[in-house]
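Peer 1: Have a look at this one before I ask anything.
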Amino acid sequence: MFLAILLVDLSAFSQDIHFSQFNGSLLNLTPAFTGFFNGDFRVGAIYRSQWQAVPVPYSTFSMAGEARFKPKQLVKDMVGIGLVFNSDRAGDARYGTTQLYANGSYIFLGKPDSSLLFTIGMNLGWCQVGFDYDKMTFDSQYDGVNYNKTTATGENFDWTKYNYADINMGTGIQYILNNKHRFTVGLGFHHLTNPVITYQGNALSRLDFRLTNYLSYSTPINQNVDIIAEALISKQAKNYELIPHSSIKYYFSRDENKAVLAGVCLRARDAVIFRFGYTHKTLQSGIAYDINTSKFTAATNRRGAFEIFINYVISRKVSNFVKKRVCPVFM
Numbered sequence: 029m030f031l032a033i034l035l036v037d038l039s040a041f042s043q044d045i046h047f048s049q050f051n052g053s054l055l056n057l058t059p060a061f062t063g064f065f066n067g068d069f070r071v072g073a074i075y076r077s078q079w080q081a082v083p084v085p086y087s088t089f090s091m092a093g094e095a096r097f098k099p100k101q102l103v104k105d106m107v108g109i110g111l112v113f114n115s116d117r118a119g120d121a122r123y124g125t126t127q128l129y130a131n132g133s134y135i136f137l138g139k140p141d142s143s144l145l146f147t148i149g150m151n152l153g154w155c156q157v158g159f160d161y162d163k164m165t166f167d168s169q170y171d172g173v174n175y176n177k178t179t180a181t182g183e184n185f186d187w188t189k190y191n192y193a194d195i196n197m198g199t200g201i202q203y204i205l206n207n208k209h210r211f212t213v214g215l216g217f218h219h220l221t222n223p224v225i226t227y228q229g230n231a232l233s234r235l236d237f238r239l240t241n242y243l244s245y246s247t248p249i250n251q252n253v254d255i256i257a258e259a260l261i262s263k264q265a266k267n268y269e270l271i272p273h274s275s276i277k278y279y280f281s282r283d284e285n286k287a288v289l290a291g292v293c294l295r296a297r298d299a300v301i302f303r304f305g306y307t308h309k310t311l312q313s314g315i316a317y318d319i320n321t322s323k324f325t326a327a328t329n330r331r332g333a334f335e336i337f338i339n340y341v342i343s344r345k346v347s348n349f350v351k352k353r354v355c356p357v358f359m
């Protein structure tokens, strides 16, 4: 029964949202990436529609706005602030998650030429989970022949929506070697307080701690082409996710960061993901399609998920950090 699953193993519905284009939603990986870009402001959004072949597709949306600035008290370091909004809807019961996070970060200048940067960050969030009771059906509503919605279910909930607070922290580093090889690492520590999620007024179900590890490397191989290698490693309770990714970025103009990207990801034991992107100056965009390879293919006919994102950076003045490369951080 759906009710038994909901109450006994709530963690199955409490998995965090995730995107195949994880580089398009960096603040969901770690709050340390807040303000970790070349410019003054950055805004972005990403949308994912999953399993269109099933009766009720899953959908996930995230948007963020952030700023980087230098307080007068700081000689060389920077501060980042931001807001993140997430919305996720899943399954016949419309199980939903809504999140709003306020982010803060501190960015250390490791070398005068900005080839080495460190960052630490934290966010505080208000979150709500819930489901639509009217969309649920129970065994007691079947008389052996027909379904009768008016029949009493015998099931009681104290509430169908639940609010909780959430705290996440993270750290990151970026190093540019010989003005050519760029390495980026980000760590995220999510749900530090293991918040309670309950519909029966007890504290038996908690949101498990999640660890994320983001790795990225890029380098030019000639005047027009960069190679990019990334990996996202996530662990939450007994759930483990590994997504390696590689892309080629072809420049029409390096000075304007005008380029197209194409690449492939593998989500272990789940999907093959094809990714395409376009950048121009401070605009970054991408689309992706997941081809399902798991045992769920019987229901999905290998139709996994479609995803699209866009990020845009705004600069009011010349950056306080003198970058060693023309292209901005994460662009």
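Each residue of the sequence shown is one higher than the one before, starting from 29 at the first, in our numbering. Just so it is clear, CB atoms sit at the ideal spot from N, CA and C, and this is done for glycine as well.
(1) Give, in chain order, every unbroken run of the beta strand (DSSP E) that is at least 3 residues long and sits entirely within the segment 203-285.
(2) DSSP puts G198 in a beta bridge; with which residues?
(3) Roughly how many whole angstroms lie between the Cα atoms of P223 and R234?
(4) Determine contact between the segment 136-148 and the segment 115-124, defined as no fewer than three beta-carbon pairs at a distance below 8 Å.
(5) For the segment 263-272 against the segment 194-201, are there 3 or more C-beta pairs whose distance is under 8 Å?
(6) With 16 other CB atoms within 10 Å as the buried threshold, where does I225 fall?
(7) With 16 as the cutoff for other CB atoms within 10 Å, does F358 come out buried or exposed?
(8) If you scan the segment 73-105 from start to end, which runs of the beta strand (DSSP E) of 3 or more residues do you find wholly inside it?
(9) Where does F304 fall in DSSP's three states?
(10) How would you label V6, buried or exposed, when you count the other beta carbons within 10 angstroms and need 16 or more for buried?
(11) With a threshold of 16 other CB atoms inside 10 Å of the CB of N207, please say whether the residue is buried or exposed.
(12) Identify whether F50 lies in helix, strand or coil by the three-state DSSP scheme.
(13) From what residue to what residue does the beta strand (DSSP E) around F136 run?
(14) Roughly how many whole angstroms lie between the Cα atoms of G229 and Q156?
(15) Strictly by DSSP, which residues pair up with F69?
(16) Does the distance from the C-beta atom of G200 to that of L215 stay below 8 Å?
(17) So what's L55 in DSSP terms, helix, strand or just coil?
(18) Thinking just about the alpha-carbon of each residue, which of S313, E258, Y86, G110 is nearest to the one in A333?
(19) Would you mind giving the Cβ-Cβ distance between L55 and F61, rounded to the nearest angstrom? I have them listed as a contact below 8 Å.
(20) How about S281: is its C-beta nearer than 8 Å to some C-beta of chain C?
(21) For V341, tell me which candidate among F136, T321, T240, L311 has the shortest Cα-Cα distance.
(22) Alpha carbon to alpha carbon, what distance is there between N174 and I109?
(23) For F159, name the three-state secondary structure that DSSP assigns.
(24) Assuming contact is defined by CB atoms lying nearer than 8 Å, are A296 and L270 in contact in what I supplied?
(25) Our contact map puts G67 next to S343 with C-beta atoms below 8 Å; I'd like the distance itself, whole angstroms only.
(26) Roughly how many whole angstroms lie between the Cα atoms of I45 and F89?
(27) I believe R76 touches E94 by the beta-carbon criterion, under 8 Å. Please report the beta-carbon distance rounded to the nearest angstrom.
(28) What are the boundary residues of the beta strand (DSSP E) that S313 is part of?
(29) Taking buried to mean at least 16 other C-beta atoms within 10 Å of its own C-beta, is D116 buried or exposed?
(30) Starting from the C-beta of D105, find all residues in its chain whose C-beta is less than 8 Å away, skip the five residues before and the five after it, and write them out in chain order.
Peer 2: This is what the structure gives:
(1) Listed in chain order, they are 209-218, 238-248, 253-264, 267-281.
(2) For G198, which the question treats as bridged, DSSP gives the partners G149, G216.
(3) Roughly 5 Å between the two C-alpha positions.
(4) In short, these stretches do not touch, since the Cβ pair count stays below three.
(5) The count of Cβ pairs closer than 8 Å, one atom from the segment 263-272 and one from the segment 194-201, stays below three, leaving the stretches out of contact.
(6) Counting Cβ neighbours within 10 Å, I225 comes out buried, since at least 16 surround it.
(7) Because F358 carries a pLDDT of 44, less than 50, the predicted location of this residue cannot be relied on, and no value is offered for it.
(8) Taken in chain order, the whole beta strand (DSSP E) runs of length 3 or more contained in the segment 73-105 are 86-97.
(9) F304: strand per DSSP, three-state reduction.
(10) There is no way to answer for residue 6, as the model of the chain reaches only from 29 to 359.
(11) The residue in question, N207, is exposed, as its Cβ has fewer than 16 Cβ neighbours within 10 Å.
(12) In the three-state DSSP reduction, F50 falls in the helix class (H, G or I).
(13) Taken as a continuous stretch (DSSP letters only), the beta strand (DSSP E) holding F136 covers 123-137.
(14) One C-alpha to the other measures close to 15 Å.
(15) Assignment of beta-bridge partners to F69 by DSSP yields A95, I342.
(16) Taking 8 Å as the cut-off, the Cβ atoms of G200 and L215 count as close.
(17) In this structure, L55 counts as helix in the three-state DSSP scheme.
(18) Nearest Cα to A333 within the set S313, E258, Y86, G110: Y86.
(19) Confirmed, about 6 Å.
(20) Looking at the structure shown, chain C is missing, and only one protein chain is on hand.
(21) Nearest C-alpha to V341: L311.
(22) Taking the straight line from one Cα to the other gives about 56 Å.
(23) Assigned with DSSP and collapsed to three states, F159 falls in coil, not helix or strand.
(24) Cβ distance < 8 Å, so A296 and L270 count as in contact.
(25) Between G67 and S343 the beta-carbon gap is near 4 Å, inside 8 Å, which marks them as a contact.
(26) In a straight line, the C-alpha of I45 is about 9 Å away from that of F89.
(27) Not quite, the Cβ-Cβ distance comes to about 21 Å (not below 8 Å), so this is no contact.
(28) 311-320 is the span of the beta strand (DSSP E), which, as asked, contains S313.
(29) With 16 or more Cβ atoms within 10 Å of its Cβ, D116 is classed as buried.
(30) Cβ within range, chain order: K98, Y134, I135, F136, L137.
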